[in-house]
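>
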Amino acid sequence: MRKRAARLLGAAIAVAGLLAAAPSTGAAEFSPAAGPAPAAPAAKSAPAGAVARYEGREINLAEGWQGAHTCVVHTRQDIRCHSDAADADAALGYRRAADPLVRRAASPRAAVAVPACAGGWLCLYEHANGQGRRLIFNDEYWHNLYDYGFQNQTSSWRNTQSRGDSGGLRMSDTQQQIWLGAPGYVSYIGIYNDKAYMVHG
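Residue 65 in my numbering is what sits at position 19 of the sequence shown, and the numbering runs on without skipping anything.
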């Protein structure tokens, strides 16, 4: 009996020695006295939303427009917002007297109803008939309107890009896409009202 106990004790000591000499695998270790090893800090992710310049400061459009009326997406890194439509039109070189849709209008009343959109751009309007806030693009890729604080808010749009340069909208509920040829204007998008979540310039 004593010999068997001595053999078991010797085997336990040998196993303990092997464990102590074993190389570290790099895995986190646990000590009952010290508690679990602390988790590595999570990497900081970039804030969601498009950052624009407005009145000398930066604003995140996904968090609100802070009083801006028109925002122009020159590139994803160069977005400029304006407090009113006239300022944005002046910055883009828009002249109403030279607007071909205004010049072709059947009556003065019809001309007044044409919403401003500078040549070479795609304009989205918050309300029907080109009213409300305005978001302007001309890039040839899909933009997520959530980033611009404009998801499910488009009611009308105008495309003044070169002939054949269609703009597109993708709907959040059905993923259906609709297209607007250039030049073109839709004063109300009907069943797609307030459903667009992506735009292709």
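Here a beta-carbon is modelled for each residue, glycine too, at the ideal position from N, C-alpha and C.
Going by DSSP, what residues sit across from A242 in a beta bridge?
By one-based count along the sequence shown, residue 242 stands at place 196. According to DSSP, A242 bridges with M217.
> Tell me the DSSP bridge mates of C169?
On the sequence shown, position 123 is the one that residue 169 refers to. For C169, which the question treats as bridged, DSSP gives the partners I182 and R204.
> Can you tell which of G227, Q199, L215 and H115 has its C-alpha closest to the C-alpha of R209?
Counting from one through the sequence shown, the residue named residue 209 turns up at place 163. The option with the nearest alpha carbon to R209 is G227.
> Between the stretch 126 to 133 and the stretch 181 to 195, do at least 3 Cβ pairs fall closer than 8 Å?
no
> Can at least three beta-carbon pairs, one atom from the stretch 194 to 207 and one from the stretch 163 to 177, be found at a separation below 8 Å?
yes
> Starting from the N-terminal side, write out each stretch of the beta strand (DSSP E) that is 3 residues or longer and does not extend beyond the stretch 115 to 142.
116 to 121 and 124 to 128
> Inspect the beta-carbon positions of L147 and V118 and report whether they are closer than 9 Å.
Numbered from 1 along the sequence shown, position 101 holds the residue referred to as residue 147. Numbered from 1 along the sequence shown, position 72 holds the residue referred to as residue 118. Their beta carbons are not under 9 Å apart, which means L147 does not touch V118 by this criterion.
> Could you give the distance in angstroms between the alpha-carbon of R219 and the alpha-carbon of G113?
To locate residue 219, count along the sequence shown from 1; it is residue 173. To locate residue 113, count along the sequence shown from 1; it is residue 67. The sequence shown places Asp at residue 219, rather than the Arg named in the question. Using only the alpha carbons, I get a separation of about 29 Å.
> With DSSP collapsed to three states, give me the class of R103.
Counting from 1 along the sequence shown, the entry for residue 103 is found at position 57. Looking at R103 - three-state DSSP - the assignment turns out to be strand.
> Per DSSP, A175 is paired with what?
Position 129 of the sequence shown, counted from the start, is the residue given in the question as residue 175. The amino acid occupying residue 175 in the given sequence is Asn; Ala does not appear at that position. Paired residues: none, contrary to the question.
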